[in-house]
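Read the structure below first, then the notes.
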Amino acid sequence: MNKMLLVLSMTIVFLTFQHQSNAAEATTKPLYNVTVVQTPAQAINYRNLKGSVKIDFKGTVLLPSAKGEAKVWNKRGETNIKAWFENLTPPHQFGTEYLTYVLWAISPDGRATNLGELIIDDGESSLRAKSSLQTLSLLVTAEPYFAVSQPSDVVVLENAIKPDEDEKISLTEAKYELLPRGQYTKNNSATDRPPQRMDKETPFYVYQARNAVQIAKASGAEKYEADGFKNAERLLTLSETKDGGRKHRIKTARQAVQSAEDSRSLSLKRQSAEGLATERTQSAQEIMSANTQAAKATESQALAEKALAKAEQAIGKSDTERAAAMALATSATASSTKAQAEAVSARAAAEEAKGQAVDANNRAERAEGDQAVLRAQLLEQLNSVLQTRDSVRGLIVNMSDALFETGSSTLGQAVREKLAKVAGIVSSHSGLKLNVEGHTDSVGSQAYNQQLSEKRAESARAYLVKQGVASNSIKSQGFGESNPIESNKTTEGRQKNRRVEIVVSGEAIGILAQAR
Numbered sequence: 021m022n023k024m025l026l027v028l029s030m031t032i033v034f035l036t037f038q039h040q041s042n043a044a045e046a047t048t049k050p051l052y053n054v055t056v057v058q059t060p061a062q063a064i065n066y067r068n069l070k071g072s073v074k075i076d077f078k079g080t081v082l083l084p085s086a087k088g089e090a091k092v093w094n095k096r097g098e099t100n101i102k103a104w105f106e107n108l109t110p111p112h113q114f115g116t117e118y119l120t121y122v123l124w125a126i127s128p129d130g131r132a133t134n135l136g137e138l139i140i141d142d143g144e145s146s147l148r149a150k151s152s153l154q155t156l157s158l159l160v161t162a163e164p165y166f167a168v169s170q171p172s173d174v175v176v177l178e179n180a181i182k183p184d185e186d187e188k189i190s191l192t193e194a195k196y197e198l199l200p201r202g203q204y205t206k207n208n209s210a211t212d213r214p215p216q217r218m219d220k221e222t223p224f225y226v227y228q229a230r231n232a233v234q235i236a237k238a239s240g241a242e243k244y245e246a247d248g249f250k251n252a253e254r255l256l257t258l259s260e261t262k263d264g265g266r267k268h269r270i271k272t273a274r275q276a277v278q279s280a281e282d283s284r285s286l287s288l289k290r291q292s293a294e295g296l297a298t299e300r301t302q303s304a305q306e307i308m309s310a311n312t313q314a315a316k317a318t319e320s321q322a323l324a325e326k327a328l329a330k331a332e333q334a335i336g337k338s339d340t341e342r343a344a345a346m347a348l349a350t351s352a353t354a355s356s357t358k359a360q361a362e363a364v365s366a367r368a369a370a371e372e373a374k375g376q377a378v379d380a381n382n383r384a385e386r387a388e389g390d391q392a393v394l395r396a397q398l399l400e401q402l403n404s405v406l407q408t409r410d411s412v413r414g415l416i417v418n419m420s421d422a423l424f425e426t427g428s429s430t431l432g433q434a435v436r437e438k439l440a441k442v443a444g445i446v447s448s449h450s451g452l453k454l455n456v457e458g459h460t461d462s463v464g465s466q467a468y469n470q471q472l473s474e475k476r477a478e479s480a481r482a483y484l485v486k487q488g489v490a491s492n493s494i495k496s497q498g499f500g501e502s503n504p505i506e507s508n509k510t511t512e513g514r515q516k517n518r519r520v521e522i523v524v525s526g527e528a529i530g531i532l533a534q535a536r
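Quick note on numbering: the sequence shown equals residues 21 to 536 in our numbering.
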């Protein structure tokens with residue numbers, strides 16, 4: 021069976037054990053220094069899989085004793101994964117910022133999807149996940165919190181084909197990027213950040229929330245995404261109190277983590293956009309300056325040629341007139357030579373500026389391309405759950421009236437299952453905004469229809485939040501009978517008008533949220 025070697029930017033890590041002079045020093049420094057180099061690894065094509073297949077997880081040199089196994093199968097166009105892991109030691113051994121492990125799916129074009137957090141119990145963990153990808157690489161990384169949107173370079177486990185299962189699946193080629201370790205500790209080094217001392221009274225997710233808020237702040241979220249960052253701080257403060265009990269603290273801490281990650285991600289995107297805009301402005305100014313200097317050089321050259329012509333015309337005239345003409349010609353020629361030299365230099369600077377402008381535009385186009393890829397991916401994922409269409413306002417997920425009890429805002433069992441899937445999809449991507457909008461037909465009074473539309477929209481919103489969507493990223497509105505999409509004169513038209521729509525937008529997919 022022919023197999024193509026997958027070239028992934030995987031991680032081999034050289035470990036340098038740091039001898040600690042005393043116990044106090046050991047508590048403030050990470051146990052290992054991590055230096056990353058690249059090596060090939062495997063991604064697996066499950067597209068033609070019939071039935072199920074088992075694959076292995078093998079530990080990297082970071083955690084060679086770790087191992088695992090997964091059962092993989094296709095169902096309704098989704099890749100289903102049921103995985104088990106063992107011999108997982110605490111992640112903080114790789115640095116004080118690492119608190120948990122995350123399972124990732126990597127697509128052939130390098131997109132990383134967070135499949136979920138590994139909850140460790142005595143070194144063991146299990147996880148069930150789904151992915152819309154048919155060809156993917158699975159790996160496990162150490163992370164500072166569960167809601168990260170790109171894998172770190174601390175890869176501890178990677179997938180491998182079992183010898184007796186290689187006839188069912190095949191390898192393919194892909195590349196992806198790991199988030200450099202320094203991104204977590206930038207402006208916030210491990211030596212400046214003593215490890216968190218854990219106790220039984222504080223829920224584990226509170227520690228993750230502290231990490232997430234601290235990392236978001238170091239990434240500039242306080243300046244570039246102030247509202248989201250303030251909300252993350254507010255949620256963290258709530259999770260630190262004992263009001264509401266342990267379950268409430270865990271829920272609030274998880275919301276703080278997600279809010280902090282969203283603000284961090286948006287902050288970095290805005291900083292990148294700001295940098296690109298600055299580069300473009302500087303390039304345009306340099307090009308304008310070069311053109312101005314070139315124009316001056318041309319003008320100086322014309323003056324020099326005119327002065328020389330006058331000097332030639334002065335032949336036969338008095339010595340005084342000839343001397344004056346020659347002096348003027350000499351001065352004009354010198355000015356022209358200097359101007360031409362400045363013009364050459366300016367043109368060189370302009371060419372360099374043009375190159376920088378091209379680079380900036382290419383980076384902007386790549387960023388827009390990433391947004392388009394994610395937008396298409398989300399459209400496909402959401403459409404597999406509920407009817408979804410693309411629009412200038414965003415991706416619009418349509419929940420029909422049939423999914424509610426008649427004349428009620430109570431969610432039926434079928435729609436609860438679908439909304440849980442929608443929540444899982446949108447929660448795995450940072451920076452998304454949701455607006456839940458309720459609509460009715462024209463039967464009944466306007467006041468009744470308005471109230472029903474508001475209740476249905478809020479009911480759907482509340483359930484999505486319950487399923488893990490960050491509360492600060494989702495709003496609800498009711499429009500009553502004011503926005504029909506079909507005529508209310510027919511039964512079919514009225515049925516289509518009775519609906520709840522979830523509008524998904526955000527910078528992550530290149531659509532800014534629009535109020536209605």
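All C-beta atoms, glycine included, are put in the ideal place defined by N, C-alpha and C. The structure presented is a predicted model; accordingly, all values stated were derived computationally and were not measured.
{"Asked": "Residues that L159 bridges to, as DSSP identifies them", "Found": "W124 and E178"}
{"Asked": "Touch test, the stretch 428-440 against the stretch 476-484, Cβ-Cβ under 8 Å, three pairs minimum", "Found": "yes"}
{"Asked": "Backbone CA spacing between S127 and Q466 [nearest angstrom]", "Found": "49 Å"}
{"Asked": "Coil, strand or helix - G530 by DSSP", "Found": "coil"}
{"Asked": "Nearest-angstrom Cα separation, counted from K453 out to E521", "Found": "13 Å"}
{"Asked": "Identity of the residue in T109, M218 and S72 nearest D142 by Cα", "Found": "T109"}
{"Asked": "Spatially closest choice to V168 from E457, R217, L399 and Q228, by CA coordinates", "Found": "Q228"}
{"Asked": "Cβ-based neighbour list, D263, same chain, cut-off 8 Å, excluding 5 preceding and 5 following", "Found": "none"}
{"Asked": "Integer-rounded CB distance, given that A252 should sit under 8 Å from V233", "Found": "5 Å"}
{"Asked": "Beta carbon of A86 nearer than 8 Å to that of L158", "Found": "no"}
{"Asked": "Coil, strand or helix - I445 by DSSP", "Found": "helix"}
{"Asked": "CA nearest to the CA of Y225, picked from I505, E260 and R274", "Found": "R274"}
{"Asked": "Neighbour-count burial assignment, A297, 16 or more Cβ in a 10 Å radius", "Found": "exposed"}
{"Asked": "As assigned by DSSP and simplified to three states, the class of E501", "Found": "coil"}
{"Asked": "Cutoff 8 Å: V168 Cβ touching any chain B Cβ", "Found": "The displayed structure is made up of one protein chain only, and chain B is not part of it."}
{"Asked": "Contact belief for N484 with L439 at Cβ below 8 Å, rounded distance in angstroms", "Found": "The amino acid at residue 484 is misidentified as Asn; the sequence shows Leu. Sure, about 6 Å apart at Cβ, within 8 Å."}
{"Asked": "For N455, the nearest candidate out of Y66, G79, N418 and K243 (CA to CA)", "Found": "N418"}
{"Asked": "For L454: DSSP bridge partner residues", "Found": "I494 and V524"}
{"Asked": "Range covered by the beta strand (DSSP E) that runs through D410", "Found": "T408 to S411"}
{"Asked": "Proximity below 8 Å, CB of K78 to CB of A180", "Found": "yes"}
{"Asked": "Buried or exposed (CB count within 10 angstroms, at least 16 for buried), R395", "Found": "buried"}
{"Asked": "First and last residue of the uninterrupted alpha helix (DSSP H) at N107", "Found": "Premise fails: N107 is in no alpha helix (DSSP H) and is neither H nor E."}
{"Asked": "Chain-order list of residues whose beta-carbon lies under 7 Å from that of P111 (same chain, five-residue window excluded)", "Found": "Y118, L119, T120, Y121 and A162"}
{"Asked": "Helix, strand or coil at E245 according to DSSP, with G and I counted as helix", "Found": "coil"}
{"Asked": "Run of the beta strand (DSSP E) containing K475, from where it starts to where it stops", "Found": "First-last for K475: Q466 to K486, but that is the alpha helix (DSSP H), not the beta strand (DSSP E)."}
{"Asked": "Expected contact under 8 Å - CB spacing of S151 and A125 to nearest Å", "Found": "5 Å"}
{"Asked": "Residue burial classification, I235 (beta-carbon count within 10 angstroms, cutoff 16)", "Found": "buried"}
{"Asked": "Supposed contact pair E98 and K74 - C-beta distance, whole angstroms, cut 8 Å", "Found": "Their Cβ separation, rounded to whole angstroms, is 18 Å, which puts K74 and E98 out of contact at 8 Å."}
{"Asked": "Span separating the alpha-carbon of T211 from that of G115", "Found": "Any reading at T211 needs caution, since the residue's pLDDT is 40, under 50, leaving its predicted position unreliable; the model's value is listed next. Each residue's alpha carbon lies about 10 Å from the other."}
{"Asked": "I445 versus L398 - alpha carbon distance", "Found": "8 Å"}
{"Asked": "Beta strand (DSSP E) segment containing A132, residue limits", "Found": "A132 to L138"}
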